[in-house]
Amino acid sequence: DTAVSQTPKYLVTQMGNDKSIKCEQNLGHDTMYWYKQDSKKFLKIMFSYNNKELIINETVPNRFSPKSPDKAHLNLHINSLELGDSAVYFCASSQGSPTSGDTQYFGPGTRLTVL
Amino acid sequence: AQSVAQPEDQVNVAEGNPLTVKCTYSVSGNPYLFWYVQYPNRGLQFLLKYITGDNLVKGSYGFEAEFNKSQTSFHLKKPSALVSDSALYFCAVRPHTGGFKTIFGAGTRLFVKA
């Protein structure tokens, strides 16, 4: 069984469209994350939820909106897609204790290409 | 500002030779330190972490890392490199305070030549 899964794996779309990426974890973790990896492989945190509560919200355009329907799912919706949104988006999860060095488990990534 | 530096974009090593991938950090207090590896078209995989205790940490696939508090470094090492170790390696730091945010370095690409 895949621990952290993302759908779709590839997403090709036109500028101005709205799209969603879904993430699910079956590890029983309390915390989930969205990261963006650009073409230079730099990894940047976007959002994090702990027990369905938003706890990290980095400087991200408000076209990006995360939603966590339950602890096992964290979806990312992107409105009015722009060329600069093209990247690989990774979902991750961790046990979620803020006082421990908990390990993050990453999904396989979603490669978004905006044309 | 809190940051993680991986000074080498790329490290080249011959198979069988020892390898070192460098990482230094700048955070307040004592952080948790991590190494992750990313193979092509894959997500990041956890290699090892330093929480507390022994400064030498052993991890997956024969990798180890040494925490040096005075130099604020956490270099990744392996005594004998394999071609299959070729990948992108990320150092990451999580401060003890400040919640759940983990700061990742820019990554170092390791090439192991047969």
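Read top to bottom, the protein sequences are chains A and B. When you read off a place in the first sequence, starting at 1, and then add 1382, the result is the number in our numbering. When you read off a place in the second sequence, starting at 1, and then add 5, the result is the number in our numbering. Built from N, CA and C at the ideal position, the CB exists for glycine as well. Given the structure is predicted, the values throughout are model-derived calculations rather than measurements.
When the Cα of residue i is compared with those of the options, which residue comes out closest?
| i | options | result |
| --- | --- | --- |
| Ile56 of chain B | B:Lys74, B:Gln7 and B:Gln50 | B:Lys74 |
| Val88 of chain B | B:Gln76, B:Leu115 and B:His101 | B:Leu115 |
| Met1428 of chain A | A:His1459, A:Gly1478 and A:Lys1453 | A:His1459 |
| Lys1404 of chain A | A:Lys1391, A:His1411, A:Thr1395 and A:Gly1410 | A:Lys1391 |
| Ala1385 of chain A | A:Ala1474, A:Asn1408, A:Lys1434 and A:Leu1393 | A:Asn1408 |
| His101 of chain B | B:Ala70, B:Val117, B:Glu13 and B:Pro36 | B:Pro36 |
| Glu69 of chain B | B:Asn46, B:Val42 and B:Arg47 | B:Val42 |
| Tyr1431 of chain A | A:Tyr1471, A:Met1414, A:Asn1444 and A:Glu1464 | A:Met1414 |
| Ala86 of chain B | B:Gln11, B:Gly110 and B:Val18 | B:Val18 |
| Asp90 of chain B | B:Arg47, B:Gly112, B:Val16 and B:Val117 | B:Val117 |
| Tyr66 of chain B | B:Cys28, B:Ala6 and B:Lys82 | B:Lys82 |
| Thr25 of chain B | B:Ser78, B:Ser33, B:Phe51 and B:Arg99 | B:Ser78 |
| Pro1490 of chain A | A:Tyr1471, A:Asn1444, A:His1411 and A:Thr1395 | A:Tyr1471 |
| Glu13 of chain B | B:Ala119, B:Phe95 and B:Ile108 | B:Phe95 |
| Val1442 of chain A | A:Thr1485, A:Leu1497, A:Gly1466 and A:His1411 | A:Gly1466 |
| Asp59 of chain B | B:Pro45, B:Phe72 and B:Asn22 | B:Phe72 |
| Glu1440 of chain A | A:His1455, A:Val1394, A:Trp1416 and A:Cys1473 | A:Trp1416 |
| Pro1451 of chain A | A:Asn1433, A:Arg1445, A:Lys1422 and A:Gly1483 | A:Asn1433 |
| Leu1497 of chain A | A:Leu1436, A:Asp1484 and A:Gly1398 | A:Gly1398 |
| Asn1457 of chain A | A:Glu1464, A:Ser1468, A:Leu1436 and A:Gln1477 | A:Leu1436 |
| Ser1446 of chain A | A:His1455, A:Arg1493, A:Asn1461 and A:Lys1426 | Here the sequence assigns Phe to residue 1446 of chain A, which means Ser is not the residue at that position. If we check each option's Cα against that of Phe1446 of chain A, A:Asn1461 comes out closest. |
| Gln76 of chain B | B:Phe109, B:Cys28 and B:Leu61 | B:Cys28 |
Can you pull the chain A neighbours of residue i, defined as C-beta to C-beta under 9 Å?
| i | result |
| --- | --- |
| Phe51 of chain B | Thr1485, Gln1486, Tyr1487 and Phe1488 |
| Leu93 of chain B | Lys1423 |
State the start and end residues of the unbroken beta strand (DSSP E) segment that holds residue i.
| i | result |
| --- | --- |
| Met1428 of chain A | Leu1425 to Asn1432 |
| Ala92 of chain B | Ala92 to Pro100 |
| Asp1412 of chain A | No beta strand (DSSP E) holds Asp1412 of chain A; DSSP gives it neither H nor E. |
| Asp1452 of chain A | Phe1446 to Asp1452 |
| Phe1472 of chain A | Ala1469 to Ser1476 |
| Cys1405 of chain A | Lys1401 to Gln1407 |
| Gln1388 of chain A | Val1386 to Thr1389 |
| Lys118 of chain B | Thr113 to Lys118 |
| Glu13 of chain B | Unbroken run through Glu13 of chain B: none, as it is neither H nor E. |
Just the chain A side, please: which residues come within less than 8 Å of residue i by C-beta, in chain order?
| i | result |
| --- | --- |
| Gly112 of chain B | Lys1423, Phe1424 and Leu1425 |
| Leu107 of chain B | With the sequence shown as reference, residue 107 of chain B is identified as Thr, and Leu is not the correct amino acid for it. Chain A residues near Thr107 of chain B: Ile1427 and Gln1486. |
| Lys54 of chain B | Gly1483 and Thr1485 |
So which residues of chain E does residue i contact, with C-beta pairs closer than 9 Å?
| i | result |
| --- | --- |
| Phe116 of chain B | Absent from the structure is chain E; the protein chains it does hold are A and B. |
Residues in the stretch 1410 to 1430 of chain A having any Cβ partner in chain B nearer than 7 Å: Thr1413, Lys1423, Phe1424, Leu1425, Ile1427 and Ser1430
Chain-ordered residues of the stretch 1444 to 1476 of chain A with a beta carbon less than 7 Å from chain B: Phe1472
Contacting positions in the stretch 1386 to 1411 of chain A - beta carbon closer than 8 Å to chain B: Val1386
Contact residues within the stretch 68 to 88 of chain B, judged by C-beta distance below 9 Å to chain A: none
The stretch 38 to 50 of chain B: positions lying closer than 9 Å to chain A by Cβ: Leu38, Phe39, Tyr41, Gln43, Asn46, Arg47, Gly48, Leu49 and Gln50
Runs of beta strand (DSSP E) lying entirely within the stretch 41 to 93 of chain B, each at least 3 residues, in chain order: 49 to 55, 61 to 63, 69 to 73 and 78 to 83
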